[in-house]
Ligand code: SF4
Ligand code: SF4
Ligand code: FES
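Numbering (the numbering used here), first residue to last: 44 to 303.
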């Protein structure tokens, strides 16, 4: 995060109260756009007190406080996993975690964004692997250190049964890893809390790759669609999207049909 002039003017050595002021930055105004008379709550961002709208996400609250997020943000929609944040709530000793772009602020929340965590990633050639337990033994032997504490599952903002797919990796059950970990956004919050230092999301990626390469059934529909793309069946539509103004593109995106 870097401080915008609005925040700099409030900076001081000791924590200080910040009154709800009329929003000055574009990001701050955007927070109030949908609910101009929103109830305000007090939160502590990196130890400093701020008063922000109740309906704001952590990300919007940080921006409302006058700071610009220059790292730890990407899609802003809960897909890219870039915005892992830890927080505490009043009277609760636990450390909670969530995605800043989808977690709403709460009264008394004390939050901080986490720096990127360097996590060891196995290097492999997917063409030279087998979809079984030997691959996990060789590439991620750390999974066998799992103590089944389930902390990873409790940390996951996607509600994934993380421990279960680590147990599946220990059995070499690639199909279960694929099924259970499918919605992982690779935020790394599970790995951050794991006492055994397992990099769950990297294990999940390996499982899904093995499934796609060796176990997935061939799809005639996919072959047909690839042939259509190669013949240029969607070129006109693609061109029209590429030249669309941003607001119309956004409207088209949110009104699209989503397959069940
Ligand atoms: S947090 Fe780590 S040790 Fe605990 S269940 Fe999850 S993978 Fe296993
Ligand atoms: S499994 Fe781990 S890395 Fe994936 S979304 Fe859940 S907490 Fe994030
Ligand atoms: S910014 Fe992408 S998940 Fe939050």
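Ideal Cβ positions, reconstructed from N, Cα and C, are used throughout, including at glycine.
Quick caveat: nothing in here was measured; it's all calculated off a predicted structure.
Closest in C-alpha terms to residue 242, from the list 113, 108 and 189, comes 189. Non-local C-beta neighbours of residue 112 in its own chain, meaning closer than 7 Å and more than five positions away in sequence, comprise 44, 102, 105 and 106, ordered along the chain.
Counting along the chain, the unbroken beta strand (DSSP E) around residue 87 starts and ends at 83–88. Distance from the C-beta of residue 203 to the nearest heavy atom of ligand 2 is below 7 Å. A contact between stretches requires three or more CB pairs, one per stretch, nearer than 8 Å, and the stretch 176–191 fails this requirement with the stretch 141–161. Distance check between residue 259 and each of 137, 220 and 166 places 220 closest, using alpha-carbon atoms only.
Per DSSP, the unbroken alpha helix (DSSP H) holding residue 224 starts and ends at 217–224. Inclusion of residue 227 and residue 198 in the CB contact set at 8 Å is not warranted, their separation being larger than that value.
At least one heavy atom of ligand 1 lies closer than 7 Å to the C-beta of residue 206. For residue 129, the three-state secondary structure derived from DSSP is strand.
Note: residue 91 is bridge-paired with 88 in the DSSP secondary-structure output. The DSSP-derived three-state label of residue 201 is coil. If you look at residue 139, you'll find it in the beta strand (DSSP E) that goes 139–142.
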